[in-house]
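In what follows, a structure is listed as structure tokens, so that the remarks can point back to it.
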Amino acid sequence: MPRATRGTQETNFCRIVLQRTGGPTPSRPRSNRSTTPGLASDARYAHAAATTWAPWEASVTIADMHALNADQIAYWNGMGGRKWTDRQERQDVILAPVSELLFARTAVEPGERVIDIGCGCGATTIELARRVGPKGSVVGIDVSVPMLARARERVLPDMPIEFVEADATVYRFPPARTDLLCSRFGVMFFAEPTLSFANMRTALRSGGRLIFACWRAPEENPWMTLPLKEVYKHAPTLPESGPQDPGPFSFANPDRVHGILDQAGFSAITLESVDLLIDLATGRGLDAAVATALEVGPASRALEGQSAESREHAATSIRAALALFQQGQAVPLAAAIWIVRANNR
Ligand SMILES: C[S@@+](CC[C@H](N)C(=O)[O-])C[C@H]1O[C@@H](n2cnc3c(N)ncnc32)[C@H](O)[C@@H]1O
1 MPRATRGTQE TNFCRIVLQR TGGPTPSRPR SNRSTTPGLA SDARYAHAAA TTWAPWEASV
61 TIADMHALNA DQIAYWNGMG GRKWTDRQER QDVILAPVSE LLFARTAVEP GERVIDIGCG
121 CGATTIELAR RVGPKGSVVG IDVSVPMLAR ARERVLPDMP IEFVEADATV YRFPPARTDL
181 LCSRFGVMFF AEPTLSFANM RTALRSGGRL IFACWRAPEE NPWMTLPLKE VYKHAPTLPE
241 SGPQDPGPFS FANPDRVHGI LDQAGFSAIT LESVDLLIDL ATGRGLDAAV ATALEVGPAS
301 RALEGQSAES REHAATSIRA ALALFQQGQA VPLAAAIWIV RANNR
């Protein structure tokens, strides 16, 4: 079972959902509570387990909602969390252009209260804290114990930061006091994103803002798909997943993202398409680029559990493919993201 999250795991869902008559019917079959054994009987979930969150589906509880995220919570506490923690410094370099875009678009002011959703190892949380200054505050929320541990190590004593280990879908945020919800690639992993965003919105004050970055379609992100194609020459393909299944590309469809945020109660929703070049090598040459391709993204997932021989062959193929993009010590490949913005109604 994934480690239970700390703190109160109730939510303001009941109120939100009850306000929305004829709301969305959840899109896939519900798991039952046995998905995360013990969750519903955990004392911290006593209220949640007894509380119906969706009037159109009376048997589903908040504990069920949390259980639906169990696979992702397990992944980010297992292999995924380990890889990102091991590579924290290099990931921060690779993804720095995305943070810069987010901060350029949000104009974070001194004194503001901010929540960083799916904060991971804390790079954006720390930068946000620097921008809000001592009179502001930043809460980083994440389900990954190892990534949060790394984030906590990086915080200086005077930084106005709190890290919370919790599922953003069901965490009871202090209501209506946050100015900005922000996320760099931390919001594509929810089983029922409309409900997750409705819960997160309860944290925002009236007129508060939301901004996040998410990936566009796989075919527009060769920095992830090119290594995967090479891996598939030597390893079985990953289990097929639907375009809406939780994962890096689940927010690729702009209409879907717009619909999710609209139904979750946001207004002034905009998606800005941004093209980037991602240097897989972080300026350290072809070997570093191959290591990145093997350690993160779908190629790394396809290689999980494969033999040393398969991994070696995959590395050779990836190396040959990436060599075509090498420019000095850099190996830049195209990446495509949405910068999504919205306001609390
Ligand atoms: C791709 S990583 C991005 C991490 C970080 N934002 C960054 O840019 O370095 C996705 C993050 O989302 C977190 N996450 C996934 N599901 C979550 C949930 N239900 N609630 C909170 N965080 C979640 C993961 O643990 C992981 O840290």
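Read in the working numbering, the sequence shown has 18 at position 18, and its numbers run on one by one without any break. Heads up, the beta-carbon is just placed ideally off N, CA and C, and yes, glycines get one too. Quick caveat: nothing in here was measured; it's all calculated off a predicted structure.
Alpha helix (DSSP H) runs contained entirely in the segment 54 to 129, provided each spans 4 or more residues: 62 to 68, 70 to 77, 79 to 86, 88 to 106
Span separating the alpha-carbon of T25 from that of H66: Note that T25 scores a pLDDT of 38, beneath 50, so its modelled location is shaky and nothing firm can be said.
Outcome for S273 when other beta-carbon atoms lying within 10 angstroms are tallied against a minimum of 16: exposed
Inter-residue Cα distance where the pair is Y75 and I337: 23 Å
Under 8 Å between C-beta atoms of V187 and F212: Against a cut-off of 8 Å, the Cβ pair of F212 and V187 comes out as a contact.
At least 3 beta-carbon pairs within less than 8 Å: the segment 166 to 177 vs the segment 99 to 106: No, because fewer than three Cβ pairs between the segment 166 to 177 and the segment 99 to 106 fall closer than 8 Å, the two stretches do not touch.
Paired residues, beta bridge with G140 - DSSP: In the DSSP secondary-structure assignment, G140 is bridged to D116, F163.
Limits of the alpha helix (DSSP H) - the one that D262 falls within: 254 to 263
Range of the contiguous beta strand (DSSP E) that encloses F266: 266 to 279
Residue burial classification, R177 (beta-carbon count within 10 angstroms, cutoff 16): exposed
CB of L210 within 8 Å of CB of A302, strictly: The answer is no: Cβ separation not under 8 Å.
Whole-Å CB distance - R90 paired with G122, under 8 Å assumed: So it is not a contact: roughly 15 Å between Cβ atoms.
Contacting residues, own chain, Cβ-Cβ under 8 Å from N343 (five flanking each side not counted): G207, G208, R209, L210, F266, S267, A268
Whole-angstrom distance between F197 and A70, CA atom to CA atom: Each residue's Cα considered, the two are about 18 Å apart.
Contact under 8 Å by Cβ, H258 with S310: Going by C-beta atoms, H258 is not nearer than 8 Å to S310.
Beta-ladder partner(s) of L226, from DSSP: According to DSSP, which records beta bridges pairwise, L226 is partnered with nothing at all.
L95: CB within 7 Å of a non-hydrogen atom of ligand 1: yes
Cβ-heavy atom distance, A268 to ligand 2, below 7 Å: Annotation note on ligand 2: not contained in the displayed structure, which lists ligand 1 as its ligands.
Straight-line gap, S144 to N253 (C-alpha atoms, nearest Å): 26 Å
Distance, T270 Cα to R216 Cα: 14 Å
Element boundaries [beta strand (DSSP E), containing A213]: 204 to 215
Three-way DSSP call (helix, strand, coil) for D287 in this model: helix
Between the CA atoms of P157 and K135 - distance to the nearest angstrom: 15 Å
Residue environment, E219, which counts as buried when at least 16 other CB atoms sit within 10 Å: Taking all protein chains shown into account, E219 has fewer than 16 neighbouring C-beta atoms within 10 Å of its C-beta and is therefore exposed.
The segment 234 to 250 in contact with the segment 282 to 296 per 3-pair CB rule at 8 Å: no
A314 - partner residues in DSSP beta bridges: According to DSSP, which records beta bridges pairwise, A314 is partnered with nothing at all.
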